[in-house]
Structure formats: structure tokens, C-alpha cells
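Quick notes on the structure that follows.
In the UniProt record's numbering, the protein residues as written are 1 to 196.
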């Protein structure tokens, strides 16, 4: 079979190059994920974009764990008899990065727990506060109601003339006129209320 090779050349326009990189990067990550799921394999990818943005992806274990395993295996990658100082430095950096990532994950988990417990405490505080406000308002309503009942009682008692204080016929006539006027006002109010 004769396969025609497609000649690829560098994309000169930086914007087009970045767009093409982003599109292909997403495809590569998607295919790597499929490969990891279908074959139950650990995958680690490290990509650097044309503008220097680093993308790392891992499926299975963490990126650092996969790279450490790969560097520790005596296979085709590590056939040198003389140790490479760059590899040792890379290995130390990977181990440090792994421990930093684990610490960040623990801090994030603790922070989430701390945030959720703080949120619960704040929520509880507001529930108690609103409960206390409601009880206080009910208390004020009770006091106001008692005051209104007391005022009505005093208003009703003002319609009762104190007979023992009447000493003259003129005073008795004044009380009579006052009571008749009050009765008339009450009857008008009763008619007005019954119409509405």
C-alpha cells in the first residue's frame, strides 16, 4: 500500500498557530482520556503552547506519580550508565511538586470544611437572631394590645358619669346631654360600619 505523506509546515501567523494549538490540544486530551478509560492505563501529558502556557493532564494517577514511575523503571528511557544531573533534578522537582500538590489538596479540603462549618454557624446565628426578633415583636404586640385594651376600658369608663360627684341639676343636665350625644355618635358609627 502506498501512503501519501501530507507535508506539514509551520503556521506562520501567531494567532492562527495559537488557535490550531488550542483545537488540537483539546482533541489530544480527549483521546488520551478515552485511551485511559478503555485500556485502564495511566497517562501523563505535558504540553507547552506557542505562547508558553503549560498544560499538564493525567489519567489514573497524578501527573507527578506517573512521571516518577516512568523515570524509576529501567527500560528504554533510562539506559544510560552515567546518571544525568538533569534527571536527578527533575526527579527531585517532581517529588517536591507531588508533596506540594498533596498539601494544597489537604488545605483545600480543610478550607472547605472550615467554610462549611462557618457557614453553618452564621446560618444558626441568623436563625436565632430572627427567632429573638420575632419573640420581641410578639412581646411588643402583646404590650401594645394591652395598652389598647386599657385605653378602650378607660374610654368606656368615661361614658359612665360618676353620680356621687353630681351636686346640681345643671350638672345632671350636662351629663345627660353628654351621654345622649355619645349615644347618638355610637349609633351613627354603628350604621356606618354596617353599610361597609
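No residue lacks a Cβ here, since even glycine has one placed at the ideal position from N, Cα and C.
Candidates the options: which alpha carbon is nearest residue i's?
i          : options         : result
residue 94 : 133, 44, 107    : 44
residue 91 : 71, 194, 108    : 71
residue 25 : 53, 9, 191, 126 : 53
residue 15 : 49, 39, 171     : 49
Report back the beta-carbon spacing between residue i and residue j to the nearest angstrom; my notes put them in contact at under 8 Å.
i           : j           : result
residue 66  : residue 42  : 5 Å
residue 20  : residue 11  : 6 Å
residue 175 : residue 166 : 7 Å
residue 62  : residue 46  : With a Cβ gap of about 13 Å, residue 62 and residue 46 do not count as contacting.
Short of 8 Å in beta carbon distance, which residues of its chain neighbour residue i, apart from the five on each side in sequence? Order them along the chain.
i          : result
residue 97 : 64
residue 34 : none
residue 37 : 59
Run through DSSP, which three-state label would residue i get?
i           : result
residue 145 : helix
residue 59  : strand
residue 11  : coil
residue 43  : strand
Are the C-beta of residue i and some C-beta of chain B separated by less than 8 Å?
i           : result
residue 132 : In the displayed structure, chain B is absent; only one protein chain is listed.
Can you have a look at residue i and say buried or exposed, based on whether 16 or more other CB atoms are within 10 angstroms of its CB?
i           : result
residue 31  : exposed
residue 135 : exposed
residue 199 : Outside the displayed range of the chain (1 to 196) lies residue 199, so it cannot be described from this structure.
residue 59  : buried
Keeping to the same chain, check which residues put their C-beta closer than 7 Å to that of residue i; ignore five residues upstream and five downstream.
i           : result
residue 51  : 18
residue 193 : none
Ignore the nearest five residues each way along the sequence and tell me which others in residue i's own chain have a CB closer than 6 Å to its CB.
i           : result
residue 39  : none
residue 172 : 166
residue 180 : none
Is the closest heavy atom of the ligand FAD to the C-beta of residue i under 7 Å?
i           : result
residue 104 : With respect to the ligand FAD, the structure shown offers nothing to examine, as it has no ligands at all.
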